[in-house]
Every structure is written in C-alpha cells, then in structure tokens.
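Residue numbers (full-length UniProt numbering): 1 to 564.
Heads up, the beta-carbon is just placed ideally off N, CA and C, and yes, glycines get one too.
Nothing here was measured: the structure is a model prediction, and the numbers come from that model.
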C-alpha cells in the first residue's frame, strides 16, 4: 500500500506519490505541511519550499523512488468557471456602483458576497475586439479582430489558431459552453462559430441583435425604436451549428437563455464534470428588450427594464450553482464588454463620473463594472487594483493548472494576488487602442499606475452626437497630442484636468513614452479579419430561398424547420 505525501489544495490538488514499504515507513519523518491553496501553482510552490525540510519526500529520493506530480482523478477538485458578460453596460449603471434608480438586487448581492473591482478595463470600447481579448488574453491587434466589429455577412472571424479559454480547458476534461452573443464571426458554413473554437455547446445569436430586423422588443408589441438593421436577415438563434429559430423571439429570449444555463450547470454538476460556462448576454445593448414580467418594472425606462432582467438572470445562475451544490467549487466573474452607448441617451446607459462612453478611449469607454465571486476563497470587499479582461485567461490557467497557450504572446497577467491575497496587482500598465485601430497610429493612450497619457483623442457617434461634453461627440475629430494629455485618475477619474504642462511631470511622461515605445516594438499586428463581406455567408435557416433575406424565416426546433 502506498503512502501519499501531499500538499492538499482546493484546486487541482497535485499529489507527490511515494510508494513506501513497511521497512521504509519506519523512517517516516513526517508529512509535507498541509494547507489550502487557491491555485495549482501555489501548491507546486509549497512543494518547492518544503524540499529543503526533512520530509517523507526526501525519504522517497533516499530510497531511489523519485516523486511524480500526478493528477489523481479521485482527489482532483478543479473549479468550475462561469463568466457572466453584459453588453454595453456602463461603469455607472449598477446600483452597487452608485446609480440611484437601477434595480439590481442580485448584482448587489453578488457584489456584497464577492470582490468588486473599481479599476477594471476591457481591451476595446466596442464588442467584437473586446470579446476576442477576453477569450484569448491577447489584444485584438494580435488576433486580427480589428478594425471595428463583425457584421452578419462578414467572411472572417476569430482565427482557429487563436487559443480561447475553452480551447485551453478542453484537455483538462472540462465541459465548455457559451450561451448568448458570440460576435466573433460566422463565416462560410459556420466555420467561425463557437463549436469550432473550443466550445462543446452553443446556444445564442452570433452577433448583436440590432444587426437584424427586430420589430418587437417589449410585450405586447412595442417597437424597437426603429434602430434595428433591416438590411440583413432576421436574427438567427443557433443551437450549436444549427439555426433553431429565425427570427428570434426577443420577448422570451432571456428566459430561454437562463433556463439553458441552469440546465447546463445542473447536468454537469450531477456528472461531477468540471465546466466552463461563458454566458454572454444580449442585455443591455440597444435597442433594449425584456420579457413581459419586466416591462415597466423600473423607473429607469426601457434600459432599466432590460437591466432588471439581466439582474434576474444572474440571480438565477448563482442560485443554480447553490442548488447543484457547486457554488463553493465555482469561480464566477461578472463584467461587461465596453462602456455605455450614450448615443441612445436615456436608453443607452451611464458611465457615471467617467468621461464619454462606447467607441472612445476615454475612461467611460473601457472602464467597466467587474465582480469576482468564489464563496470561501475570495474575501468580500472592494479593490482599487488595476486589472483587465485580458487577465482572465492567465488567471483561469493558474486556477485550473491548464498550461498557457504555447507560442502565444499574452497581454494578460494572473489576478490571483488581487483575488485571494489582497495584494498589489501584477499589472502597472494598460494600453488603450481605439475602436478601429491601425498600425500607423497605433496606441491612443497609456495608463501607468494612476496616470493616463492620451497621445490621440477622438469622439465617436456611439458616445453621442449631442453629448454636452464636446470631446465625446462624433464631431470631435482625431487630434494628436504632443506632449500627451496627462491625467491623475485617482484624483481626476473624469479626465478634466490636464497635467502635462507642469514641469514636475516631465520624467513621468518620459517613463510613459518608454512604455509605449516598448509595447509598440513588441506588437505584431495580426491580419485584419473584419473587412471582408459576402452575402452568401449570412446565416439563413432556408439556404437558397427567395426573396433573400426576407425569406429567412423558420420556426421549430432541432433540424425540423417549418418555413413561414
């Protein structure tokens, strides 16, 4: 019988296995110290530290039996991973971030039970590049998801040589699923859909719901503000690679998404298989929609109603984790893809005290709400440490023991020091690219510690053509700054007071310029995947039908469609 010398961890508990016979057991000097660990790497470090102390591990070596770190399936407890990703949600939109009329009791509870980030950034101020960066841990400029976003007839997509979080976890026997908005391309015959990017299952719309006709957004027949695009086919609802509904019924969509998420959690919890659920909400992207139960449920209008349904869904997901007995085995992370679409005014969200919003490199475009939850592992509270959606992939790699993607330059860092130890972030800098970057202009802004330098600024129609702040408007054209505008974000998060003319900041500006130069020197731009279009790749449940695209209308389930 083997005795096991182990550094027992919570996550991916590796064991040093040393077979000791009865004679050798007489020389047992003790066991390596036991402790609870929040990651695979912490447990490995425990072994390395204790190699210096007399232990059974040394006896293993003494008797010629070399220890092996193995994954013992009976003792492994890798965490489940749940990412909850809202759409176009501003820093100031949640009650827990200070909005006076938002109704978000479940997000309030998530924040009270978890760690709320106050300085969390996404890699882009628009959808597709932000999503690519979250899933790959790499800036969109590396992966080719630039400039702008994918549209229904885009021929490109996230390239298959990019490694997503789902790809990374598959070798560890994780079940992987995405529910909701993909927005990383469809391509010919669905070649870029999630089931070809590491996900076992997909249930959702492959792009923004405003990119297709959406006549009814609220019960019983309230219009969608005439802001949906009639040029394309109706929004398709996919299950894996098959369209199961077209047009998608928005009045029941979030309820169905949520039920699918709950069933997915329950099924995998019952089978005791670790899972990765990426729930990418359509809420609260304009035009907002919601089911009958949430119509006129808030004083904040259609945006508030949509937000209330988002909040309800998040509560349902967290409750299912509890009901399935896996809440304490699951790392949950909530955030948003970019800032608010201020173009739509009271139907477009709020950046709070931050400047501008979606489509800009001002703080309102890329600083978003974020909350981490892991009962018993993450201490509730707030952190002002710098972090980014780019950091999720390396953090999840550490938590699960998954190897980092080979041969890939990562722009993210592990957040474990922030999450589990209340220690300073490994991240001191953050790079801001515009919504439609190009290699000629390169970086628009750099944050270093609490300081942010703007080398270029530009407004965007998504931040409002009538915004009272003229810097945000689409009439605010591209403007280079030399020296760059400089703001102390700790003292001036609204970016109102430029410090660049003060001589005492000269050395700081030189330091930031060196950071910018070094980053740009190490940036290899991936070939753009966004510009190509072809109507033949647009998803349609009745391929070849006429007149296209109006004929793309089917109802039913599975592959048994009934054209209408």
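Residue 393 is positioned such that its CB atom lies no closer than 8 Å to that of residue 185. For the pair of segments examined, the segment 454-469 was found to touch the segment 340-349: the number of CB pairs separated by less than 8 Å reaches three. Shown here, residue 82 sits in a strand according to DSSP, grouped into three states.
Taking the C-beta atoms as reference points, residue 181 is found nearer than 8 Å to residue 281. Ranking 98, 89 and 134 by CA distance to the CA of residue 411 puts 134 first. DSSP, reduced to helix, strand and coil, places residue 143 within a helical segment of the structure shown.
With a cutoff of 8 Å on beta-carbon distance, residue 374 and residue 334 are scored as not near each other. The continuous beta strand (DSSP E) containing residue 238 extends over residues 237-239. The C-beta distance from residue 341 to residue 269 rounds to 36 Å, too long to meet the 8 Å contact threshold. One thing to note: residue 156 has its Cβ within 8 Å of the Cβ of residue 187. Cβ contact annotation for residue 384 (same chain, cutoff 7 Å, sequence separation greater than five): 118 and 119, in chain order. A straight line joining the alpha-carbon of residue 257 with that of residue 337 spans about 18 Å. Listed in chain order, the beta strand (DSSP E) runs fully inside the segment 482-521 amount to none, counting runs of at least 3 residues.
Contact between residue 243 and residue 539 holds, since their C-beta atoms are separated by about 6 Å, short of 8 Å.
In the displayed model, residue 443 falls within coil according to three-state DSSP, outside both helix and strand.
In the DSSP annotation of this structure, the continuous segment of the beta strand (DSSP E) that includes residue 372 starts and ends at 370-373.
Residue 149 counts as buried, since no fewer than 16 other beta carbons sit within 10 angstroms of its beta carbon. Your pair residue 79 and residue 419 does not check out as a contact, with CB atoms roughly 12 Å apart and the cut at 8 Å. Residue 446 is positioned such that its CB atom lies no closer than 8 Å to that of residue 378. Taking 8 Å as the cut-off, the beta carbon of residue 230 is found closer than this to the beta carbon of residue 213.
As DSSP reads the structure, residue 480 sits in a beta bridge with 456. Under the criterion of beta carbons closer than 8 Å, residue 429 and residue 415 do not qualify as touching, at roughly 15 Å. Residue 170 and residue 368 have their C-alpha atoms some 29 Å from each other. Secondary structure note for residue 116: it is in no alpha helix (DSSP H), and the uninterrupted beta strand (DSSP E) holding it is 115-117. Annotated as proximal: residue 127 and residue 183, with beta-carbon spacing under 8 Å. In the three-state reduction of the DSSP assignment, residue 468 falls in the coil class, being assigned neither a helical nor a strand state.
For residue 109 and residue 95, the gap between their C-alpha atoms comes out near 11 Å. Straight-line spacing of the CA atoms in residue 227 and residue 234 works out to 14 Å. Setting aside the 5 residues that flank it on each side, residue 255 is surrounded in the same chain by 291, each with a C-beta closer than 6 Å to its C-beta; the list follows chain order.
Between residue 489 and residue 450, the gap from beta carbon to beta carbon is short of 8 Å. Taking one beta carbon from each stretch, the segment 520-531 and the segment 137-146 have 3 or more pairs nearer than 8 Å; the two touch.
Under DSSP, the beta-bridge partners assigned to residue 388 are 121. Non-local C-beta neighbours of residue 302 in its own chain, meaning closer than 6 Å and more than five positions away in sequence, comprise 288 and 347, ordered along the chain. Taking the Cα of residue 533 as reference, the smallest distance to any Cα among 153, 98 and 318 is reached at 153.
Taken in chain order, the unbroken stretches of alpha helix (DSSP H) that lie wholly in the segment 149-187 and span 4 residues or more are 165-169. Under the 10 Å beta carbon count, residue 406 is surrounded by fewer than 16 other beta carbons and is classified as exposed.
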